[in-house]
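Student:
Have a look at this one:
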């Protein structure tokens with residue numbers, strides 16, 4: 001095998017897979033008939049993961065990572081669970097869009113024992129195909145357990161739904177690639193595209209490298225500064241650091257279950273969302289009270305004409321049916337997490 005080529009095998013946990021020849025320099029990928037391979041990728045099925053799509057007004061990956069970690073830990077649907085997550089970053093004119101995939105740590109460890117080099121996400125593999133085609137809109141991939149629907153705007157994913165009965169938009173396709181192996185091809189595609197997801201690799205490693213570079217440049221700048229300015233700068237920074245530490249201490253004392261990442265920004269967001277329930281929300285609550293198909297409501301929030309519901313259902317079809325009952329309130333399923341014989345979900349809507 002030539003030095004600029006490698007053979008990658010991509011397979012699902014149950015063993016079905018394909019081999020691909022990847023030409024790194026030319027960015028070419030094609031099916032490979034041989035049995036030997038250089039690297040093994042295992043694809044985590046979409047239904048075994050959950051997702052987050054958020055936008056930030058800044059691009060500091062380390063800070064974004066900490067905020068996402070804090071939100072996952074404080075989310076009642078996910079808190080207390082042994083989870084891992086990986087993120088893709090999409091630069092925007094003002095800030096960054098972040099697509100995060102969340103999975104059970106137990107599932108990842110199980111797959112890691114297969115001597116895999118990469119544990120990738122099926123949903124991200126399909127997203128790579130969609131972005132490679134370079135079109136905006138809604139796209140679906142048909143699966144046995146329900147369709148995966150990915151919505152893209154301006155080259156950025158804005159919505160992902162898994163297990164949908166109805167097909168929405170265009171089918172996900174790629175010329176010359178069999179539809180059955182599209183996710184497998186999409187996983188191998190990460191070698192030639194800057195969209196790596198590997199649950200076996202620490203997500204912070206790239207950030208740590210950039211931090212080392214930043215620290216070096218900062219040190220160089222400090223050496224150039226005059227002695228007086230240097231001393232004054234260090235004194236000022238120490239004061240600021242003490243203030244930041246005090247802010248974090250006060251925040252964590254008041255909100256012990258929420259990590260203090262950026263206390264002032266977090267407090268502003270919490271104050272903005274803290275509003276009283278309007279009388280119109282009673283209509284929503286009344287409709288919820290009529291549901292008898294095994295739905296349990298864990299949390300209900302309403303304010304400023306919007307509401308969110310977090311609950312538990314026996315299966316995904318019950319969640320879909322429940323969302324249908326609230327259709328007049330524009331209810332949409334924003335998240336589902338399968339927990340053994342139950343499905344936890346989050347809906348959002350307007351009244």
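Numbering (this note's numbering), first residue to last: 1 to 351.
Each residue gets a CB set at the ideal place from its N, CA and C atoms; glycine is no exception.
Computed from a prediction, not measured in an experiment: that's the story for all the values here.
#1: In this structure, how does DSSP classify residue 336 when only helix, strand and coil are distinguished?
#2: Between which residues of its own chain and residue 177 is the CB-CB distance below 6 Å, once the five residues before and five after are set aside?
#3: From the DSSP output, in three-state form, read off residue 49 for me.
#4: Measuring CA to CA, which of 284, 182, 141 and 91 is closest to residue 169?
#5: Go through the segment 74–131 residue by residue and report every complete run of the alpha helix (DSSP H) that reaches 4 residues or more, in order.
#6: Smallest Cα separation from residue 51: which of 83, 93 and 132?
#7: Are three or more beta carbon pairs between the segment 37–45 and the segment 101–121 nearer than 8 Å?
#8: Taking DSSP as the reference, what is the three-state secondary structure of residue 154?
#9: Starting from the Cα of residue 49, find the closest Cα among 21, 92, 346 and 338 and give me that residue.
#10: Do you know offhand how far residue 87's Cα is from residue 335's?
#11: So, helix, strand or coil for residue 70, using DSSP?
#12: For residue 147, which residues of its own chain have a beta-carbon under 6 Å away from its beta-carbon, when the five flanking residues on both sides are left out?
#13: Counting along the chain, where does the alpha helix (DSSP H) carrying residue 319 start and finish?
#14: Rounded to a whole number of angstroms, what is the C-alpha to C-alpha distance between residue 188 and residue 109?
#15: From residue 346 to residue 304, what distance separates their C-alpha atoms?
#16: Measuring CB atoms only, is the segment 56–74 touching the segment 121–129, in the sense that at least three cross pairs come out at less than 8 Å?
#17: For the beta strand (DSSP E) that residue 31 lies in, which residues bound it at each end?
#18: Given a cut-off of 7 Å, decide if residue 99 and residue 53 are closer than it, judged by their beta-carbon atoms.
#19: Taking residue 324 as the reference, give the member of 343, 287, 296 and 298 with the closest Cα.
#20: Excluding sequence positions up to five away, which residues of its chain have a Cβ less than 6 Å from the Cβ of residue 12?
#21: Could you compute how far the alpha carbon of residue 283 sits from the alpha carbon of residue 307?
#22: Beta-carbon within less than 7 Å of residue 355's beta-carbon, same chain only, minus the 5 sequence neighbours each way: which residues are those?
#23: By the 10 Å Cβ neighbour count, where 16 or more other Cβ atoms means buried, how is residue 74 classified, buried or exposed?
#24: Check for me: the alpha helix (DSSP H) holding residue 187 runs from which residue to which?
Tutor: In short, the structure shows the following:
#1: Strand, per DSSP.
#2: Cβ neighbours of residue 177 beyond the five flanking positions: 185.
#3: When secondary structure is reduced to three states using DSSP, residue 49 falls in the strand class.
#4: It is 141 whose Cα lies nearest to the Cα of residue 169.
#5: Runs of the alpha helix (DSSP H) spanning 4 or more residues and lying entirely within the segment 74–131 occur at 105–112, in chain order.
#6: The shortest C-alpha separation from residue 51 is found at 83.
#7: Flag = yes, the segment 37–45 and the segment 101–121 touch.
#8: In the structure shown, residue 154 sits in coil (DSSP, three-state: anything other than H, G, I, E or B).
#9: Just measuring C-alpha positions, the residue of 21, 92, 346 and 338 sitting nearest residue 49 is 338.
#10: C-alpha separation (whole angstroms): 17 Å.
#11: Residue 70 sits in a helix when the DSSP states are folded into three classes.
#12: Answer for residue 147: 140, 164 and 167, listed in chain order.
#13: It spans 316–325 - the alpha helix (DSSP H) in which residue 319 sits, taken as one unbroken run.
#14: Computed Cα separation, rounded: 21 Å.
#15: C-alpha of residue 346 to C-alpha of residue 304: approximately 18 Å in a straight line.
#16: Taking 8 Å as the limit for Cβ pairs, the verdict is that the segment 121–129 does not touch the segment 56–74.
#17: For residue 31, the uninterrupted beta strand (DSSP E) run begins and ends at 28–31, by DSSP.
#18: It is a contact, given that the beta carbons lie within the stated cut-off.
#19: Closest option to residue 324, Cα to Cα, is 287.
#20: Once the five neighbours on either side are set aside, the close Cβ partners of residue 12 are 43.
#21: Whole-angstrom Cα-Cα distance: 11 Å.
#22: This structure leaves residue 355 out entirely; the chain is present only between 1 and 351.
#23: Under a 10 Å Cβ-count criterion, residue 74 is classified as exposed, with fewer than 16 other Cβ atoms of the shown protein chains found around its own Cβ.
#24: That run of the alpha helix (DSSP H) goes 182–188.
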